[in-house]
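Undergrad: Each protein sequence line maps, in turn, to chains A and B.
Counting in full-length UniProt numbering, the first sequence runs from 1 upward without gaps.
Counting in full-length UniProt numbering, the second sequence runs from 1 upward without gaps.
For each residue, glycine too, the CB sits at the ideal point set by N, CA and C.
Number of protein chains: 2
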Amino acid sequence: MTTSIFPSYPPSLTPEQLSYLLTASTDWSLSHGLTVRPPPSFVAENPNGALATHAPTTLFPSPFPRSCWNEAREVQKLFNELYAKISADEEWLGKITEELAEVDEFMARLYKVHLDVKKEGFVQDLSLGLFRSDYMIHVDPSSATSPPVIHQVEFNTVASSFGGLSTLVSELHRHLLRVGAYPQTGHPIKEENIPVSPAAQGVASGLAAAHKAYGSGGEGRKTAVLFITQPDERNVFDQRWLEYNLSEKHDIQTYRISLREVPTLTTLDPVTRALIYHPPHAPGVLVEISTVYFRAGYGPGDYPSELEWASRTTLERSKAIKCPSVITQLAGTKKVQQVLVTEGVVERFITDPKLAQRIRGTFAAIHPLDNSPAGLAAREIALNSPEKYVLKPQREGGGNNIYRSKIPDFLRSIPESHWSVYILMELIEPPNLENIIARNGETMIGGVIGELGVYGAVLWRDGEGEQRGKGVRTIISNEESGWLLRTKGMDSEEGGVAAGFGSVDAVLLVD
Amino acid sequence: MTTSIFPSYPPSLTPEQLSYLLTASTDWSLSHGLTVRPPPSFVAENPNGALATHAPTTLFPSPFPRSCWNEAREVQKLFNELYAKISADEEWLGKITEELAEVDEFMARLYKVHLDVKKEGFVQDLSLGLFRSDYMIHVDPSSATSPPVIHQVEFNTVASSFGGLSTLVSELHRHLLRVGAYPQTGHPIKEENIPVSPAAQGVASGLAAAHKAYGSGGEGRKTAVLFITQPDERNVFDQRWLEYNLSEKHDIQTYRISLREVPTLTTLDPVTRALIYHPPHAPGVLVEISTVYFRAGYGPGDYPSELEWASRTTLERSKAIKCPSVITQLAGTKKVQQVLVTEGVVERFITDPKLAQRIRGTFAAIHPLDNSPAGLAAREIALNSPEKYVLKPQREGGGNNIYRSKIPDFLRSIPESHWSVYILMELIEPPNLENIIARNGETMIGGVIGELGVYGAVLWRDGEGEQRGKGVRTIISNEESGWLLRTKGMDSEEGGVAAGFGSVDAVLLVD
């Protein structure tokens with residue numbers, strides 16, 4: 001946070017204006033499914049999930065440079081292609097994953113699932129990626145005249161959330177403007193500068209493309225998409241919007257089960273390995289799963305016992321299209337993101353130098369902390385001049401980032417052999433911005449940081465049998481699928497909107 | 001409850017089926033604004049209204065004879081016309097109201113507001129009625145072959161609620177069918193037999209017609225519709241859907257205030273008596289109110305002090321179109337409903353005998369308990385053979401109905417001079433029906449009674465000055481505006497969905 005490139009924002013409010021705005025926002029959210037299950041700290045009991053509260057949102061859309069928004073969206077299809085190709089390049093990805101597996105038990109276990117299934121042979125050569133590439137705006141603190149640019153924070157290849165709610169929050173801010181809940185004057189908010197994110201439809205369309213490509217079920221069975229969800233998911237409405245889109249726009253049936261339920265509710269066809277779902281509410285009915293969509297399984301907490309690992313293996317073995325497959329999930333580690341920064345690596349996958357440069361233009365500097373020459377140089381920086389850096393674990397899911405001056409003490413507190421679990425990333429310097437976040441019916445005003453996530457949907461065909469993992473054969477569809485702005489208070493240094501002080505937000509484009 | 005004219009209903013469910021159905025219903029409701037604020041018995045605190053729960057609904061649409069549904073809808077425009085004409089016939093309505101005022105303090109006070117304003121002279125000759133005519137199905141218990149008919153339960157001329165939620169509940173049941181939350185076989189539910197009620201749009205269109213007819217504001221002021229609401233309204237989302245429809249489909253601004261806030265937030269233009277609203281969140285802005293829509297003020301509980309009566313008088317004096325005016329509110333008493341049963345009375349207003357007969361075809365027998373010959377005869381029935389009757393107070397708003405054998409003791413417990421506050425109504429004998437009601441996340445299964453409410457919107461011009469109350473001059477618009485099925489458990493003998501064990505329901509048309 002160094003520079004202000006935006007006008008004074010948000011507009012100042014009298015207590016009456018804030019009250020009116022909060023009520024208008026809350027009621028609209030509760031009417032339109034911009035909702036989450038309330039956290040236990042807010043409501044101790046929620047019998048049968050009968051209570052909802054508004055999702056944490058900003059009360060105003062956050063100013064965002066139009067050029068940055070355009071660039072992030074335009075580069076998404078290249079990133080889709082890049083990560084599809086990474087997933088299908090086992091020679092390259094396998095090596096990185098093996099290194100990672102040595103220091104990260106979770107990655108090792110995931111990779112073992114992949115290798116076990118590979119030994120048996122995959123029966124599905126289609127893969128679906130529903131990705132989200134997350135960016136922050138970076139303003140060079142040493143050059144007041146440089147235009148703002150985007151720097152990629154991370155690339156999510158599994159369980160990218162908030163697509164459903166993202167569409168709604170842009171509609172919320174447009175509504176608040178239309179009904180006069182924003183002050184009449186003194187702000188730059190115009191409806192045409194709050195584009196509605198098509199993410200709910202876009203992400204659902206990605207699932208629909210895979211479902212369609214799967215084809216008919218065997219033995220006359222109906223087909224459906226299976227959502228793998230966490231047992232006590234509070235962000236359930238975000239997921240439901242994908243289901244409602246699939247049902248209404250694509251006439252596709254969906255079901256939701258947890259990893260724990262896989263052994264009791266599914267079987268594999270002994271011949272085709274088709275994944276058969278047995279709905280407990282429809283005894284005797286056999287449903288063939290075209291696509292398994294993981295909204296769980298991305299972190300070790302989702303595998304409390306061997307049962308969940310067995311479930312993941314069953315799903316990976318099955319004929320269903322996985323979103324994502326284990327190997328695609330492994331393509332999304334921060335280690336991969338870090339290696340991509342090295343010269344020539346993007347170019348291995350995206351051979352057109354101009355296009356590769358387009359991707360590189362979004363990278364912040366990332367350094368390994370391993371025993372390579374680059375890693376040893378980075379260790380020097382981490383221990384002696386860490387002020388512009390953040391230390392991040394390779395693993396997904398947030399948590400445990402170490403910032404600036406806290407880095408040296410942290411590194412000294414763990415064995416040096418574990419340092420390579422972390423990467424050192426140049427901190428992004430976002431412009432100064434304030435906004436109001438509404439959460440559990442309360443408001444907080446103050447400095448915020450926004451993170452733009454752009455969704456992408458890509459369906460590709462890998463090689464079959466022995467050719468598996470030797471490159472993408474065909475990219476069947478490749479789409480940019482909308483965006484999300486997640487905005488969090490400056491005091492909280494972690495994302496994650498449903499927990500903590502984050503919120504969903506819409507972009508207010510500024511030129 | 002005597003006869004079963006329906007197939008066995010609802011389909012029987014395993015615990016797994018019920019659980020799946022409840023979850024699918026709850027999540028859809030919480031995603032689509034089929035919501036209410038939770039009652040304090042469910043959630044003790046609701047900071048800034050941040051929590052919502054699903055509205056009480058049936059889990060299945062209730063079978064309803066198509067002929068009855070058709071008849072109720074077709075007769076609505078005649079009822080709209082009838083009640084517009086009753087409102088504009090002060091000679092006739094005044095006499096009835098005066099009689100009622102002698103025994104009912106609330107009616108007397110309301111009527112005084114009307115008379116006071118009349119003395120000064122009305123400045124607005126347009127009136128808007130948003131009515132709801134409520135019916136039950138009656139099956140003659142002594143004749144198994146008679147077709148089911150509708151009998152009117154009451155006619156609401158003020159604050160007819162649930163138009164917003166009604167549209168959603170028919171969509172909910174269609175969704176539950178589409179996603180397989182109903183058993184695959186063994187029930188008669190088909191999507192084409194669950195018509196979507198257009199009530200949310202229909203009621204909003206009625207308000208929009210009045211707003212448009214009002215014309216421009218004076219001195220360049222913007223115009224808006226003002227909702228008069230109860231301070232702690234739990235059924236707020238039902239009302240919000242009308243506001244969202246007005247904003248999105250008609251580009252009309254709305255505001256919400258309570259009767260208590262009228263003196264501090266509104267003024268009357270000293271020359272034109274235009275009602276000027278001063279939004280506390282937009283200091284200095286003057287908004288001219290085209291239409292005052294009462295969702296409060298229908299019962300004595302809404303007037304805890306003289307302040308609220310002064311507010312009602314201010315609104316009645318104003319140039320804004322009232323929905324309803326005081327006199328239209330008074331046209332909706334049960335006393336009027338009872339007098340209409342008398343031969344020749346409907347015909348005073350609807351002169352075509354065929355059309356008058358169409359209206360009469362929906363009437364159940366209603367008797368006064370006054371000193372008229374008919375009243376004295378009814379007293380005999382009430383005291384000696386009350387088994388087919390219900391005793392109802394003239395006043396609106398439900399509560400205190402006395403059924404069957406409890407009538408004689410009740411009458412003997414109050415002074416005979418008060419008997420004329422009540423009417424004696426032939427009980428309607430609805431067909432046997434069961435359904436499942438979901439409320440606060442819990443389900444109840446059992447015998448239910450449904451009440452079909454048909455909405456109507458009528459805008460008319462009364463005479464000006466001395467001609468006021470001497471008949472409708474022009475009916476400007478007259479529409480049937482959708483319907484609502486309210487279904488309640490048999491144990492509860494009162495309606496009112498937001499409180500008690502009632503629920504909103506959709507019709508499943510059966511032939």
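Looking only at C-alpha atoms, which of B:Ser311, B:Ala200, B:Lys406, B:Glu45 sits nearest to lysine 388 (chain B)?
TA: When only C-alpha atoms are compared, the closest one is B:Lys406.
Undergrad: Quick check: is the beta carbon of aspartate 232 (chain A) nearer than 9 Å to any beta carbon in chain B?
TA: Aspartate 232 (chain A) does not count as touching chain B.
Undergrad: Go to isoleucine 150 (chain A), then tell me how far its alpha helix (DSSP H) extends in each direction, as first and last residue.
TA: It is not in any alpha helix (DSSP H) - isoleucine 150 (chain A) instead sits in the beta strand (DSSP E) that spans 149 to 156.
Undergrad: With a cut-off of 8 Å, do at least 3 Cβ pairs link the region 102 to 118 of chain A to the region 311 to 329 of chain A?
TA: With a cut-off of 8 Å, the region 311 to 329 of chain A and the region 102 to 118 of chain A count as touching, because enough Cβ pairs lie within range.
Undergrad: Run through DSSP, which three-state label would glycine 129 (chain A) get?
TA: The answer is strand: DSSP assigns glycine 129 (chain A) an E or B state.
Undergrad: Which stretch, first to last residue, makes up the alpha helix (DSSP H) that contains threonine 185 (chain A)?
TA: Run containing threonine 185 (chain A): none; DSSP gives neither H nor E here.
Undergrad: Return the residue from the list A:Ser19, A:Phe6, A:Pro10, A:Pro7 that minimises the CA-CA distance to alanine 282 (chain B).
TA: Checking every option, the nearest Cα to that of alanine 282 (chain B) belongs to A:Ser19.
Undergrad: Any idea which residues DSSP pairs valine 123 (chain B) with across the strands?
TA: Answer is none; valine 123 (chain B) lacks a bridge partner.
Undergrad: Please confirm if leucine 176 (chain B) has its CB atom under 9 Å from at least one CB of chain A.
TA: Not one chain A Cβ lies under 9 Å of leucine 176 (chain B).
Undergrad: In whole angstroms, what separates the C-alpha of isoleucine 445 (chain B) from that of tyrosine 298 (chain B)?
TA: Each residue's Cα considered, the two are about 32 Å apart.
Undergrad: Quick one: is valine 497 (chain A) buried, meaning 16 or more other Cβ sit within 10 Å of its Cβ, or exposed?
TA: Reliability fails at valine 497 (chain A), whose pLDDT of 35 lies under 50, so the model's placement of it is uncertain and no value is given.
Undergrad: Could you name the residues of the same chain whose beta carbon sits closer than 7 Å to that of leucine 246 (chain B), not counting the 5 residues immediately before and after it, in chain order?
TA: Here the set comprises Ala204, Leu207, Ala208, Val225, Ile252, Thr254.
Undergrad: Which of helix, strand or coil does DSSP assign to isoleucine 449 (chain A)?
TA: DSSP places isoleucine 449 (chain A) in strand when its eight states are reduced to three.
Undergrad: Of all the options A:Glu81, A:Thr35, A:Gln337, which has the alpha carbon lying nearest to the alpha carbon of glycine 49 (chain A)?
TA: The candidate whose alpha carbon is nearest that of glycine 49 (chain A) is A:Thr35.
Undergrad: For chain A, check one thing: does any of its Cβ atoms lie closer than 9 Å to the Cβ of glycine 441 (chain B)?
TA: Yes, because at least one Cβ of chain A sits closer than 9 Å to the Cβ of glycine 441 (chain B).
Undergrad: Step through the CB atoms of chain A and report whether any lies within less than 9 Å of the CB of aspartate 27 (chain B).
TA: Yes, contact with chain A.
Undergrad: Step through the CB atoms of chain A and report whether any lies within less than 9 Å of the CB of histidine 32 (chain B).
TA: Yes, contact with chain A.
Undergrad: Residues of chain B with CB closer than 7 Å to the CB of arginine 22 (chain A), please, in chain order.
TA: According to the sequence provided, residue 22 (chain A) is leucine. The question's arginine does not apply to it. The answer, in chain order, is Asn48.
Undergrad: Check distances from the C-beta atoms of the region 271 to 290 of chain A to those of chain B and list, in chain order, the residues that come in under 8 Å.
TA: Listed by position along the chain: Pro279, Pro280, His281, Ala282, Pro283, Val285.
Undergrad: Can you check whether the C-beta of glycine 180 (chain A) is within less than 9 Å of a C-beta belonging to chain B?
TA: Yes, contact with chain B.
Undergrad: Confirm, please, whether the CB-CB distance from phenylalanine 60 (chain A) to isoleucine 189 (chain A) is below 9 Å.
TA: Yes, they are a contact pair.
Undergrad: For threonine 362 (chain B), collect the residues of the same chain with a Cβ closer than 7 Å to its Cβ; drop the 5 residues on either side in sequence, then sort them by chain order.
TA: Same-chain partners within the cutoff: Val75, Tyr135, Ile150, His151, Gln152.
Undergrad: Check for me: the beta strand (DSSP E) holding tyrosine 20 (chain A) runs from which residue to which?
TA: It is not in any beta strand (DSSP E) - tyrosine 20 (chain A) instead sits in the alpha helix (DSSP H) that spans 15 to 32.
Undergrad: For glycine 489 (chain B) versus glycine 456 (chain B), is the C-beta distance shorter than 9 Å?
TA: No, these two residues do not count as a Cβ contact at 9 Å.
Undergrad: Under 9 Å between the Cβ atoms of threonine 167 (chain A) and glycine 482 (chain A)?
TA: Contact flag set, yes.
Undergrad: Taking the beta strand (DSSP E) that tryptophan 241 (chain B) belongs to, which residues open and close that run?
TA: It is not in any beta strand (DSSP E) - tryptophan 241 (chain B) instead sits in the alpha helix (DSSP H) that spans 236 to 250.
Undergrad: State the beta-bridge partners of lysine 392 (chain B) as determined by DSSP.
TA: Paired residue(s): B:Ile423.
Undergrad: Within 9 Å (strictly less), CB to CB, does arginine 240 (chain B) reach chain A?
TA: It does; some Cβ of chain A falls within 9 Å.
Undergrad: Using CA atoms only, rank isn't needed, just tell me which of A:Val158, A:Arg256, A:Ile96, A:Tyr303 is closest to phenylalanine 237 (chain A).
TA: Looking at the Cα atoms, A:Arg256 is the closest of the given residues.
Undergrad: Taking only runs of the alpha helix (DSSP H) that begin and end inside the region 283 to 347 of chain A, which ones reach a length of at least 4 residues, in chain order?
TA: Runs of the alpha helix (DSSP H) inside the region 283 to 347 of chain A: 306 to 317, 326 to 330, 334 to 341.
Undergrad: Verify whether the separation of the beta carbon atoms of isoleucine 289 (chain A) and leucine 82 (chain A) is less than 9 Å.
TA: Their beta carbons are not under 9 Å apart, which means isoleucine 289 (chain A) does not touch leucine 82 (chain A) by this criterion.
Undergrad: Please classify threonine 264 (chain B): is it buried, with 16 or more other beta-carbons within 10 angstroms of its beta-carbon, or exposed?
TA: With fewer than 16 other Cβ atoms within 10 Å, it is exposed.
Undergrad: Could you give the DSSP three-state label for isoleucine 359 (chain B): helix, strand or coil?
TA: Note: isoleucine 359 (chain B) maps to helix in three-state DSSP.
Undergrad: What three-state label does DSSP hand leucine 59 (chain B) in the structure shown?
TA: Residue state, collapsed to three classes: coil.
Undergrad: Could you name each continuous beta strand (DSSP E) segment of 3 residues or more that falls completely within the region 35 to 82 of chain B, going from the start of the chain to the end?
TA: Taking only runs of at least 3 residues, the beta strand (DSSP E) segments lying wholly in the region 35 to 82 of chain B are 51 to 54, 62 to 65.
Undergrad: Quick one: is lysine 322 (chain A) buried, meaning 16 or more other Cβ sit within 10 Å of its Cβ, or exposed?
TA: By the neighbour-count rule (16 or more Cβ atoms within 10 Å), lysine 322 (chain A) is buried.
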